[in-house]
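J.:
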Amino acid sequence: MNDRLMLAKTFARARHEGQRYGEFPYHVHLDDVEKLAQPFGINAMIVAQLHDVLEDTTTSVDELVQDFGDKIALSVSYLTDPVAGDRGEKKRQLNQRFLQLDETDEAAKLALIVKACDRLSNVKACRLFHPAKFLMYQKEHSEFRKAAYRYGLCEMIWWELDMLIEVGDKIARY
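Right, dumping it as structure tokens:
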């Protein structure tokens, strides 16, 4: 395993210590997002491990810069929910941020890839364990896709995500 990835895994586990992803230790989610990001390279895998540290822990951007560099820190910051507002407002602000990202910039590209992987991981888990959350993701999907999807960037991730949402829509109608 790459030393930088091992550092990211160790860092994320330490920062998320005691946090849960449903019934599981939080690192189960981080590892799933990393696995989904693997085809997109080591930097995507590192961002996958770190994608929630600014949002869910006391970690600062400066710490990420020091340990992982500017590109990784910036990418993680793009993925971090705004502080103020309810879920709907935070998602509107985050979607606006995603709309403005230029996927030719490496940090932005990594953020868009990892966000799609994160959403796929969440949708798969919710579909199995939390139907109410799955419905929430279904309702958000259209606006999320408009903001975060970029043609050719991570098509297989989006294909699977779209299929899960669509199947859920068909089941909900019956």
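Numbering (the working numbering), first residue to last: 997 to 1170.
Cβ atoms here follow ideal geometry from the backbone N, Cα and C, with glycine treated the same way.
1) Leaving out five residues on either side along the sequence, give the residues of the same chain with a beta carbon under 7 Å from the beta carbon of M1041.
2) I'd like the ranges of any beta strand (DSSP E) spanning at least 3 consecutive residues and lying wholly in the stretch 1067–1138.
3) Could you pull out every unbroken alpha helix (DSSP H) segment of at least 4 residues lying fully inside the stretch 999–1056, listed in chain order?
4) Using 8 Å for Cβ pairs, my map puts A1112 next to L1160. What's the rounded Cβ distance?
5) Taking the alpha-carbon of L1149 as reference, which of A1121, I1109, K1120 has the nearest alpha-carbon?
6) Could you check if Q1096 is buried or exposed, using at least 16 other CB atoms within 10 Å of its CB as the buried criterion?
7) For G1037, which of A1103, D1066, G1084 has the nearest alpha-carbon?
8) With burial defined as no fewer than 16 other Cβ atoms inside 10 Å of the residue's Cβ, what is the status of F1130: buried or exposed?
9) Excluding the 5 residues preceding and the 5 following G1014 in the sequence, name in chain order all residues of the same chain whose CB lies nearer than 7 Å to its CB.
10) Check whether the Cβ atoms of N1091 and K1135 sit closer than 9 Å, and answer yes or no.
T.: The answer reads as follows:
1) Same-chain partners within the cutoff: L1001, E1030, A1033, Q1034.
2) Here no run is fully enclosed.
3) Within the stretch 999–1056, the complete alpha helix (DSSP H) runs of at least 4 residues are 999–1011, 1023–1033, 1038–1046, 1049–1052.
4) Distance from A1112 to L1160 at the Cβ level is roughly 12 Å; contact not present, criterion being Cβ atoms closer than 8 Å.
5) Of the candidates A1121, I1109, K1120, the one whose C-alpha sits nearest the C-alpha of L1149 is I1109.
6) The Cβ neighbour count for Q1096, taken over all protein chains shown within 10 Å, is under 16; the residue is labelled exposed.
7) Looking at the Cα atoms, A1103 is the closest of the given residues.
8) Residue burial annotation: F1130 is buried, with at least 16 other C-beta atoms found within 10 angstroms of its C-beta.
9) For G1014, there are no CB contacts under 7 Å within the same chain when 5 residues up- and downstream are skipped.
10) Taking 9 Å as the Cβ cut-off, N1091 and K1135 do not qualify as a contacting pair.
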